[in-house]
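According to full-length UniProt numbering, the sequence shown holds residues 1 to 234 in order. What follows is one structure encoded as structure tokens, with my remarks underneath.
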Amino acid sequence: MLEVEGLHSFYGDAHVLHGASLTLPEGEVLALLGRNGMGKTTLIRSIMGLRPPAVRQGSIRWKGEELLGLPAHEIARRRVGIVPQGRRLFPSLTVLEHLTTLKPARATGGWTVAKAFEFFPRLAERKANRGHELSGGERQMLAIARALMTDPALLLMDEPTEGLAPVMVQQVERIVLELRRAGLTILLVEQNLYSALALADRVSILETGRVVHEAAASEAGHDHATLTRFLGVH
Ligand SMILES: Nc1ncnc2c1ncn2[C@@H]1O[C@H](COP(=O)(O)OP(=O)(O)OP(=O)(O)O)[C@@H](O)[C@H]1O
């Protein structure tokens, strides 16, 4: 279980998270929704221990253990992985190099390069291509594959379908569902409401740094008043 409680995060003096709380049981997908600038990326970065922001108050427990205060690499060792917004790949590294920097090619346990290529056949075809030579969809797949090489049990995904053509959005959705079937716990920031509702068990809506609404995804889709109020959906 991931339990985020009363989180206050800051960029310098700018107070962005105002007591954000959420819970995510193991094996479930929680979609974190909210308009631009409401603090979704800040919440994801706070959980992963990435700085900035500075977290000044609250707690983040994963499987009962407090993560707040641990450096990002220690959080990664506790099997928390991130697919960051904007992919964050290295333009001059090849697809294969992106994967083997995190896990040697000879490794046999968990997610291996071979398993990643089986899961993402398109990346296998492009394994010698460099980051800057990949399409938007291929980059997103590589960002996901790279996160998997750390063998996460909890995967934080920040807008994985952002900027992708509809056919690629569908592929990324399929990947999220397969990862969920494989037993991963997923916190998904998703601008596309319909993707979020299709993929998630539950949704949490963030408004100016606080979770203001939580619901089962199956109910949220019918709750037009809430969707209009917090997400501007008509
Ligand atoms: N590095 C930073 N320094 C200062 N302020 C920041 C920084 N990153 C984000 N902010 C501010 O914090 C607030 C929340 O941003 P955040 O990126 O978490 O929102 P978001 O909900 O993920 O939005 P988006 O969908 O646009 O990514 C915004 O007002 C933003 O301008």
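Glycine included, every Cβ here is placed at the ideal spot set by N, Cα and C.
- In the DSSP assignment, R202 falls within the unbroken beta strand (DSSP E) covering R202 to E207.
- The C-alpha of T94 lies about 20 Å from the C-alpha of I82.
- With a contact defined as Cβ atoms closer than 8 Å, L32 and S218 miss out at about 17 Å.
- Across the set E159, R202 and H224, the C-alpha of E159 shows the shortest separation from the C-alpha of G39.
- Counting only runs of at least 3 residues, the stretch 146 to 230 fully encloses the following beta strand (DSSP E) elements, listed from N- to C-terminal order: 154 to 158, 185 to 189, 202 to 207 and 210 to 216.
- Taking T208 as the centre and dropping the five residues before and after it, the same chain places the C-beta of H18, M38 and G39 closer than 8 Å to its C-beta, in chain order.
- The stretch 62 to 109 contains, as complete beta strand (DSSP E) runs of 3+ residues, the segments 80 to 83 (chain order).
- For G19, the three-state secondary structure derived from DSSP is strand.
- R122 is positioned such that its CB atom lies no closer than 9 Å to that of G131.
- Distances from the CB of N192 to the heavy atoms of ligand 1 are all 8 Å or more.
- One alpha carbon belongs to A128, the other to H8, and they sit about 43 Å apart.
- For A114, the enclosing alpha helix (DSSP H) covers residues V113 to F119.
- Contact between G232 and R35 is confirmed by a C-beta separation of about 6 Å, below the 8 Å threshold.
- Contact annotation: the stretch 144 to 159 touches the stretch 70 to 82, with at least three C-beta pairs closer than 8 Å.
- Assigned with DSSP and collapsed to three states, H234 falls in coil, not helix or strand.
- In the DSSP annotation of this structure, S9 is not part of any alpha helix (DSSP H); the continuous beta strand (DSSP E) holding it starts and ends at L2 to Y11.
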